[in-house]
Amino acid sequence: MKHIAGFIIFCIALLPLAGAASLNPETSLVEIEVTKKVYDYQMPWIIRNDQVRKNGILIGPHRILTTADGLSGQYLCRIKKGGESRQYTAQLVWIDYYANVAVLDVAEPAFWAGMQPVSLAQTIPQSGELQIYRWRAGRIEERAAEIIRLFSGTSKMSYVRHLVLAASSTIESAGWSEVVFDGDHLVGLTASAAEDKLRILPAEFIAKVIELRGREDNPGLGYFDFDYISGKNPALLASKGLDQRDVGVVVTEVGTQGLVDEVLQIGDIILEVDGFPIDSEGKYVDPDYGRLALSSLATRGHGASESIPFQVWRAGKAQRVDYTLPRADFDQDLIPEQRYDQPPEYLVAGGLVFQPLNGPLLQALGKNKPPLIDYYSQQKTVGDRDGLVVLSGVLPDDYNIGYEDLRYVLVDEINGQAINSLNDVAAALKAPADEFHRIRFMPEEGVQHIVLDAPAMQSATARILQNYRIPSESQLKAF
Amino acid sequence: MRPSAPIFFVLSVLLSKFAFAGPEQSVVQITNYTQQPDWVEPWRFSPVSGGMGSGFVIDGQRIMTNAHVVSWSKQLIVFRYQDPKPYQATVEFIGHDCDLAVLRVADPAFFEGVPALQMGDLPAVRSMVTTYGYPAGGRQISYTSGVVSRIEIQRYVQPNNRQLLAVQTDAAINPGNSGGPVIQNGKVAGVSFQGQPGLENAGFFIPPSIIRHFLADIEDQTYDGFPAAGIGIVNLTNPAFRRALGLPLNNVGARIDFLFHPYPQTHQLIQENDVLLEVAGYEVGSDGTVIYHGNRVHCAVLFSEVQHGESIPLKVWRSGAALDIELPLFVNREDRTVGNQYEPPPYIIVGGLVFTELSSNYLGSLGRNWRDKVSAETLYALIFRNRLSEEDARAKPVVLSKILKHPKNVDFAVGSRSILTELNGQQISSMEDLRVAIESASDDFYRFRFLSGEQEALNRSEALAAEQQLIQQYNIPSVQRL
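Sequence lines, in order, name chains A and B.
Its first residue numbered 795, the first sequence is counted upward by one per residue in the working numbering.
Its first residue numbered 146, the second sequence is counted upward by one per residue in the working numbering.
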C-alpha cells in the first residue's frame, strides 16, 4: 500500500508544465502519419510498405504522447497540427512496446508555436461520461464515451498486464490512440476497439511508464511470471492443510514467459501480495479502484527488479517470500511472442529455408499451423534449448530433389549439433563431418532425416537465390 | 428325337433359372437400426436411427457386407432379391480396419435358392465392372457400370487411421451401395465401400485380396486384423542421400525413416535409414512403390497380405550391404483411440467428475471447431504418442469430459477437456490406472493433477456421496464402465 501512495505523489510531480489551462483540443491534439516497413514471415525476404494514421497529444515541451501500436518498422513519422495540411517530420524519442506507449518529438520550432500541452488525470474515473477527440479531415471530431469498468487487462502489444479502462462509444474505426478526456484532463489513449467497446490505456498507467522511463536505470515494466488457479474449492485448500475458505489462489505454473522460475513453487497458495490479502478469485481490494486482479499489482506501483513481499501457504504453514519482479522481455521466452522493429530472421541453404520459431511466424500461419508446431510453440522449455528452428519450406531445385514437400518441420540437429538458433544452423553447416550435411528433425515429425551434398551446397544456394530472386541468403540476429 | 414331356419341363425350368439367375439373386438389402454412444457423457446413447446398405451371399450361408453398414447395430434386417420378407441377421465377424463384416441369418430358408457369389481376381485398370446394390432413393436393386480407373493404397474411412489397397471406378457408388458386390465376369471383383468428396465420378471398392485376407483371418473364429511393420517409409530420390548410404543412383530402394511404437520386434530387427530393396520378393522403387499386378502401388500393399503374427521377407540395405530379414508383423491395437472406435467408451465418475479416454471420437464429438476447444497439449497427447516410446504408445490418456455439478464439486476450478495425469500421486496413463488409484485412495482427499499443471481436490467421503446422488439424479446406470 505504501508503494501506491508514493506512486501517486510522484505522478503529481510529473504534471505537465502548462498547468491547468482549459482544454482546447485543436492546440493539443495532433494527427500522426507513420510510414513503415512490414515483413512477410512466410517469405521473410519480402519487405512491404505500409502507412498508418493515428493520434497523439502534447504532454509537455517536445513530448508528443501516443501508443506504440503501429510504430514497429517505422522510418518516417509526419505530424499535422491544428487541422492544417502542413506536415512536420517527427522523431521517435522512446518507445515501450510492452507498455504500448511512445513519445515523439518535432525538431522544428514552428510546430510548437501556439501548441498547448495537456495534463494527465491523476486518478481514473470509474463511472460517467468521457470525451473522445481526434482529427478527421482537418476538423476535430468529438464523441462521447460511457465508462464500463476499470480492470486488469493484457496489453495489446505484449503479455504485460495493467489497468485498462473499458468504455462504450459509437465512434467508428477507433483504437488508434484517440485521446480520451474527463473535462480538461487526459484520462487515456484508446488502445483497441471492438464493435462499440473501447479499451483505453489509462493516464495513471501511462504516467507510471513515463516515470520508469525517466529513472536512471530505466527498469521497465515488471510481470508476475506465474499462473494460478482459483482457491474457491474448499477441498483444494483443505487438502493442503489450510482450514480457511475463499482465500488465496494456487500456483499452477512458474516461469510462464521464461522470466523467473524460482521463489514461487507450483502448489503454493498465494495469500497476500504486497500487503494486500488475495481472495480465492485472485483479486485484491485496491485503495483507489476497488477489486482488481492481483496481476495489476505488478505494474500498478512497481517497476521491474523491485522486490514484492508475498505470503504463501506452503508445506502446511504460511510463510513470506520476496518476489523480485522480473522485467518483461520477449527474448527470455523459448518462443518469443513478439519481435518489434526487427526484420524476420531466415537462412537459405541449398534451397532449404530455415526460420526461428516465434510469435510473428505463428501469427502468419494462423489457424493452419501444424499441430506439432502448435504444441511446441506452447512449451515453456524443450530440454535445455533456448530457441527452436523450423525448416519452413524448400525452394525446389535439382540439389534438394526429394525434399520439396517439407514445410514447417522442427529441426533437431544438423551435422550432429543441436540447433537452437539460425546461428547454430549456419555454424553447423560449416562443419560437416564428411561430404554430406545430415539434418535431423524432431522425433515426432513425419520425416526424421535428410542428407544433402555438402560441397555442392554453396553453389546450389547461389543458383537458387538467383532463380527465386532472393536478395540475400540470410538475415541473422546480430550478436 | 423329341424329348419326353417331363424331361422338357425340367430342362426348361433349368434353362429359365440359368437365363435369369444373375448375381442380383445373391445381393441383399440390409437395414440397420443403430444407437451410437455420446463420447462426452458416455452412459448416454443417441436416439435410434436407421440406415440402409447392401450385401451379398458368400460360401457357408453367410452374407458379406461393409463393417460400416452394420456398425452400432441394435437390430439388423436383411431382404432377399425381390422378396418382401424381412429376415433377422446378426454380425458374426466384423473388421473395422478393412471395413468388412460377415453376417449370419438364423432362418435357413433365407439361403434357399440363393447361390453364393464366388471371389474373382483383382480387375485390371480400364476393364469394365458392374456394381450391384440398393442405393438410396428406391427399393429395387440398382446396377451401375464403369471402368476401373486406378488401383492404389487409400485411407479407409471406417477406421480412419488405416490405409489399404482400394480400387477406384467411375461406376456410380452411392450411399446404400455400400457392402454390395462389384462384379466382373460373374465373380466378385470387390465390395463397394466409399467415395471421396471433391472427386467426381469416383467410387471405391475393396479388392479381392483384402476380402480374402479377412475371410482367411476369421477361419479360426477370431478376427485379428491387418498387421503392420511399424516403419515409416519415405522416398530415396535425393542423389546425395543415396551416395551417403552407398547406394547406386538408380531408382531402387526406399528409406526407412522411422520406427513406430509399439513394435518391439521391428525395433530389434530394423534400423532407421535401412533401405528397403525388396518386400516379399518385389523390388521396391525409390518412391516406395512396387509393381503389383501391373500397377505401381506403395509397398505397404504387401505388408497387408500377411496375417497377424506371420513374417514377411525383406531385403534391406544396411552399412553398404544387402541383408535378408524375416520381419514378423503384428496388429497394432494400441492406436485404437486415434482412429474411429466402435465400442462404447469407458468412463468413471468421481464425485461428479466424468473421466473417459481421450480419443478421436471424443474430439470429434466436440463439434466442427473442436481444435479451438482443446489445447495443443491435448492433441499432442493423442496423436504423437507412437513416436515417443513403447510406454507412451501404449498409454491411453484420460480426459475430464464433463463435470456433473453438485454442491460438493461446484467450485472445482479445472474445466472439462483437461487431461488427468495424477491422482493422489499415482500417475494416470489409462482408465485402469484411474480405477486402481481411486480404489487405493486412503486419505481424506482425491488430489488431482492435470496436464496443464493445474491441481484440484475433492473430499473423498463427500465425493462418494455426491456421485451416488448424481447417478440417481441423471439416471446413470453405473458410476463406471470399463
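Positions of the beta carbon are idealized from the N, C-alpha and C atoms, including for glycine.
Since the structure is predicted, the reported quantities are computational estimates derived from the model, not experimental observations.
Only buried fits V429 of chain B, as 16 or more other CB atoms lie within 10 angstroms of its CB. D1168 of chain A reaches chain B at A521, counting residues in chain order whose Cβ is nearer than 7 Å.
DSSP places P231 of chain B within a strand segment (E or B) once states are collapsed to three. In the DSSP assignment, G278 of chain B is bridged to B:S287.
Three or more Cβ pairs closer than 8 Å define a contact, and the segment 314-325 of chain B meets that threshold against the segment 289-297 of chain B.
For Y525 of chain B, at least one C-beta of chain A is nearer than 8 Å to its own C-beta. Beta-bridge partners of G340 of chain B (DSSP): B:G348.
Only exposed fits Q206 of chain B, as fewer than 16 other CB atoms lie within 10 angstroms of its CB. DSSP places E1139 of chain A outside both helix and strand once states are collapsed to three, so it counts as coil. Per DSSP, D1116 of chain A is one residue of the beta strand (DSSP E) stretching across 1111-1118.
The beta carbon of S337 of chain B does not come within 8 Å of any beta carbon belonging to chain A, so the residue lies off that interface. Here the segment 1095-1108 of chain A lies against the segment 1051-1071 of chain A, with 3 or more beta-carbon pairs under 8 Å apart.
Contact check between the segment 1043-1056 of chain A and the segment 1119-1135 of chain A: three or more CB pairs, one atom from each, fall below 8 Å, which counts as touching. The C-alpha of P182 of chain B lies about 6 Å from the C-alpha of S191 of chain B.
The residues Q452, in chain order, have a CB closer than 8 Å to that of A361 of chain B in the same chain once the five nearest residues on each side in sequence are set aside.
A direct Cα-Cα distance of roughly 14 Å separates G1042 of chain A from R1114 of chain A.
Not flagged as an interface residue toward chain A: L422 of chain B, since no C-beta distance is shorter than 8 Å. With its beta carbon at least 8 Å from every one in chain A, L615 of chain B lies outside the interface. In this chain, the beta strand (DSSP E) harbouring Q845 of chain A covers 841-854. Where D976 of chain A is concerned, the enclosing beta strand (DSSP E) starts and stops at 973-976. When secondary structure is reduced to three states using DSSP, G1008 of chain A falls in the helix class. Counting the other CB atoms within 10 Å of its CB gives D1116 of chain A a total below 16, which places it among the exposed residues.
The residue from A:S1215, A:E1075, A:E878, A:P819 with its alpha-carbon nearest to that of G850 of chain A is A:P819. Against chain B, a Cβ distance below 7 Å from E1047 of chain A picks out G598. Interface residue (Cβ-Cβ distance to chain B less than 8 Å): S1033 of chain A is classified as such. Closest option to G1153 of chain A, judged by alpha-carbon separation, among A:A1227, A:V1142, A:M951, A:Q1260: A:M951. Distance between K541 of chain B and I564 of chain B, taken at the CA atoms: about 11 Å. Neighbours of V379 of chain B in chain A, taken as residues whose beta carbon is under 7 Å from its own, are V1241 in chain order. Restricting attention to A:Q1242, A:K1271, A:G1008, the CA atom closest to the CA of I378 of chain B is found in A:Q1242. In the DSSP assignment, E423 of chain B falls within the unbroken beta strand (DSSP E) covering 420-424. Under the 8 Å criterion on CB atoms, D402 of chain B is classed as interfacial with respect to chain A. Contact residues of the segment 529-541 of chain B toward chain A are F529, R532, L533 (C-beta to C-beta distance below 8 Å). Rounded to whole angstroms, G343 of chain B and G321 of chain B show a C-alpha spacing of 19 Å. Annotation for R1094 of chain A: the continuous alpha helix (DSSP H) segment containing it runs 1091-1094. Counting C-beta atoms within 10 angstroms of its own C-beta, S949 of chain A has 16 or more neighbours from the protein chains shown and is therefore classed as buried.
Beta-carbon to beta-carbon, L1091 of chain A and D1068 of chain A are separated by about 5 Å, close enough to satisfy the 8 Å threshold.
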